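Here is the structure we will look at, set down as C-alpha cells.
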Amino acid sequence: MKYHHTTLVPHKSAPMTSPANLLAEEVCLPAALLKKSALENNIAWMQRYADARGVSLAPHGKTTMTPWIFQAQQRAGAWGIGVGSAWQAAAAMASGIQRVLMVNQLVGKANMQTVSQLKTHYRSVDFICCIDSLANARALSAFFAERRQTLDVLIELGVPGGRCGCRSVEDALALAQAAADLPGLKLRGLELYEGVLHGDDPQPQVEALLRQAADLACRMEPLVDGEFILTGAGTVWYDVVCNIWLAAKKPARCRIAIRPGCYITHDRGIYDDAQQALIARDPIACDLAGDLTSALELMAMVQSVPEADRAVVNFGKRDCAFDAGLPAAHRPLSRRRAAGAARGGDRQRRDHGSALHAAPGAGQRRASWRYPGLRYLASVSDLRQMEDAAAGRRRLQPAGRAGYAVLIQPE
Numbered sequence: 001m002k003y004h005h006t007t008l009v010p011h012k013s014a015p016m017t018s019p020a021n022l023l024a025e026e027v028c029l030p031a032a033l034l035k036k037s038a039l040e041n042n043i044a045w046m047q048r049y050a051d052a053r054g055v056s057l058a059p060h061g062k063t064t065m066t067p068w069i070f071q072a073q074q075r076a077g078a079w080g081i082g083v084g085s086a087w088q089a090a091a092a093m094a095s096g097i098q099r100v101l102m103v104n105q106l107v108g109k110a111n112m113q114t115v116s117q118l119k120t121h122y123r124s125v126d127f128i129c130c131i132d133s134l135a136n137a138r139a140l141s142a143f144f145a146e147r148r149q150t151l152d153v154l155i156e157l158g159v160p161g162g163r164c165g166c167r168s169v170e171d172a173l174a175l176a177q178a179a180a181d182l183p184g185l186k187l188r189g190l191e192l193y194e195g196v197l198h199g200d201d202p203q204p205q206v207e208a209l210l211r212q213a214a215d216l217a218c219r220m221e222p223l224v225d226g227e228f229i230l231t232g233a234g235t236v237w238y239d240v241v242c243n244i245w246l247a248a249k250k251p252a253r254c255r256i257a258i259r260p261g262c263y264i265t266h267d268r269g270i271y272d273d274a275q276q277a278l279i280a281r282d283p284i285a286c287d288l289a290g291d292l293t294s295a296l297e298l299m300a301m302v303q304s305v306p307e308a309d310r311a312v313v314n315f316g317k318r319d320c321a322f323d324a325g326l327p328a329a330h331r332p333l334s335r336r337r338a339a340g341a342a343r344g345g346d347r348q349r350r351d352h353g354s355a356l357h358a359a360p361g362a363g364q365r366r367a368s369w370r371y372p373g374l375r376y377l378a379s380v381s382d383l384r385q386m387e388d389a390a391a392g393r394r395r396l397q398p399a400g401r402a403g404y405a406v407l408i409q410p411e
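Taken in order, the sequence shown gives residues 1 to 411; the numbers are from full-length UniProt numbering.
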C-alpha cells in the first residue's frame, strides 16, 4: 500500500516527513504511545530472569513486529527471536537477527519458496520451524531436498482441543522418527505452547504437559544430532516451564528456551495479573531487581462535552485492539487534571468514540486523555516512532519502516 506523501498534516496513518510535537497538538489523535524507559526496563528484566534461571530467551517477535525492538532484545542477550510466518521471518532476518524460530508450520509453496530464498540470502542465520504431521514433513522434505537445502525442524507437541501440534506423545515420537530419516530435514528438538490450556486452575494441566514433553525429549534424544532444543513458555507460565524442565530428566545436551512476547510492553490488565501471580510463586523472580511495567498507552482527545457529566473521546473499538479487553481511561494529559478527571470506567464505547463519566462542569474539550495498558500488543497497529529531541522535547521522527515503527515517550 502506498501513502500520499505530504508535509501539510502529520496524520497518524502517513509517513512522518517532519518533526511534530505531540503535546502541542501537532499529531492527529488517537495515537499509540510507547514509553522508551519502560520498554528498556522490560527487555532488561526478562533477560535477567532467563539468565538467573539458566535458560535461553527467544522472545516472540510477532508481538511487536518491530525490527529495532528485535535488535534491542538481541543486544540484551536474547538467543533468538520467535515469529509466526515466513514473511515475519524475513523481517527478522532483514533486521540482523541471527536465529529465527518460526513456531508454526511452514505450509504452501510460496512460503516454502520464501524460506528457501531466505536461507540462500542469509546463510549465517539459524532458521528453525515446526512440524506436526507426516504429510507436512514429506512436503518440506521434497521441496528442500530438491533444492539441495536442509530445513531445521522441531516436533510440535499439542493438546486435544488446542491449536497445532501432535496430539499424543506416541504420535510425536513417530513423527520424529520419520523426520529424522527424511532428506532435506534436520531434526533439532521439541516445541510446545502451554498457553492453549485454560480453565479455573490450568497449572496442573500445564505441569502435566511439560512433564510429558520432557519424557518425550528423552525418547527423541537419539534422533537429534547435537544440541537438543526444548522450547515453550509464553508470558504467563514461563516460571513453571523453567521449574518443571530444569528439574526433569532431559537430553544431556539440552537447551531450554522460553518464548514470552507480551512482556515487552506489559499491561495493567491480564498480563499484570499473570505477572503478579508469577512473582508470588517464584522466589527467583521476586528477588530480581524491579519488575515488568506497562509501556504502551493510547492518547485521545475529548471532542465533546454534551452533558455536565459526560465527555465524548475520539477513541473507539476500531482505533485499538480489544481482543483481550479495551484500555481504561487514566487521566488527562493536561496540568489541569482535576477539572477533567474521569470517575471510573468508560460509560460506552462505539466504533470511533467513547463516552466517559466526567466531573461536573468539565469543559476541557481539547484535553488529552491517556488510556494505559493496551492489551495484547500483537493486535495493536498503526504506531509511529518518537525519540528524544533536544532539550527533552517530545517529537515524532520519521519511522524508517512503515508499519513497524512505534511512538516512544521519553521519561
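Each residue gets a CB set at the ideal place from its N, CA and C atoms; glycine is no exception.
Just so we're clear, the structure is a prediction, and the values are computed from it rather than from any experiment.
Beta carbon of residue i nearer than 8 Å to that of residue j
i	j	result
Leu-140	Gly-82	no
Pro-202	Glu-221	no
Leu-192	Glu-170	no
Val-107	Arg-259	no
residue 431	Leu-296	Look at the range of the chain in this structure, 1 to 411, and you will see that residue 431 is not part of it.
Gly-61	Gln-98	no
Arg-188	Ile-131	no
Gly-232	Glu-194	yes
Ala-217	Leu-190	yes
Ser-116	Gln-149	yes
Ala-135	Ala-178	no
Gly-290	Trp-79	no
Gly-226	Arg-253	yes
Pro-59	Gln-71	no
Ile-256	Arg-211	no
Leu-223	Ala-176	yes
Asn-314	Leu-29	yes
Residue i, DSSP secondary structure in three states
i	result
Gly-189	strand
Cys-242	helix
Ala-341	Low confidence applies to Ala-341: its pLDDT is 39, below 50, so where it sits in the model is not reliable enough to give any reading.
Arg-375	In this predicted model, Arg-375 has a pLDDT of only 44, less than 50, meaning its place in the structure is not dependable; the value taken from the coordinates is given anyway. Correct three-state label for Arg-375: coil.
Pro-15	Any answer about Pro-15 is weak, because its pLDDT of 49 lies below 50 and its placement is not dependable; what the coordinates show is given next. Of the three classes helix, strand and coil, the one that applies to Pro-15 here is coil, per DSSP.
residue 413	Look at the range of the chain in this structure, 1 to 411, and you will see that residue 413 is not part of it.
Asp-152	strand
Phe-228	strand
Assumed close pair residue i, residue j - CB separation to whole angstroms, cut-off 8 Å
i	j	result
Cys-164	Ala-172	Contact doesn't hold; Cβ gap of about 12 Å is too wide.
Pro-67	Ala-91	6 Å
Tyr-93	Leu-118	The residue asked about is misnamed: residue 93 is Met in this sequence, not Tyr. Their Cβ separation, rounded to whole angstroms, is 6 Å, which keeps Met-93 and Leu-118 in contact under 8 Å.
Phe-143	Val-100	Actually they are not in contact, since the Cβ atoms of Phe-143 and Val-100 sit about 18 Å apart, beyond 8 Å.
Asn-41	Thr-235	Actually they do not touch by this definition, with Cβ atoms about 16 Å apart.
Asp-239	Leu-278	5 Å
Ala-264	Ile-69	It is Ile, not Ala, that sits at residue 264 in the sequence shown. Right, the Cβ-Cβ distance comes to about 7 Å (below 8 Å), so this counts as a contact.
Met-77	Gln-47	With the sequence shown as reference, residue 77 is identified as Gly, and Met is not the correct amino acid for it. About 5 Å separates the two Cβ atoms, so the contact holds.
Cys-286	Val-55	About 18 Å separates the two Cβ atoms, so there is no contact after all.
Asp-152	Lys-186	5 Å
Any non-hydrogen atom of the ligand PLP within 7 Å of residue i CB
i	result
Arg-268	This structure simply doesn't include the ligand PLP, nor any ligand for that matter.
Residue range of the unbroken alpha helix (DSSP H) whose run includes residue i
i	result
Val-206	203-220
Lys-62	Looking at the DSSP string, Lys-62 is not in any alpha helix (DSSP H), and its letter there is neither H nor E.
Leu-173	169-181
Start and end residues, beta strand (DSSP E) containing residue i
i	result
Ala-308	Where Ala-308 is concerned, there is no enclosing beta strand (DSSP E), given that its DSSP letter is neither H nor E.
Lys-35	31-35
Neighbour flag for residue i against chain C, beta carbons, 8 Å
i	result
Trp-245	The chain inventory of the structure shown lacks chain C, comprising one protein chain alone.
- [ ] Starting from the N-terminal side, write out each stretch of the alpha helix (DSSP H) that is 4 residues or longer and does not extend beyond the segment 233-300.
- [x] Segments of the alpha helix (DSSP H) lying fully in the segment 233-300: 238-247, 270-281, 283-287.
Open item on the list: Please give the ranges of any alpha helix (DSSP H) in the segment 68-141, keeping only runs that are unbroken, at least 4 residues long and fully inside the region.
Closed with: You should have 86-94, 109-121.
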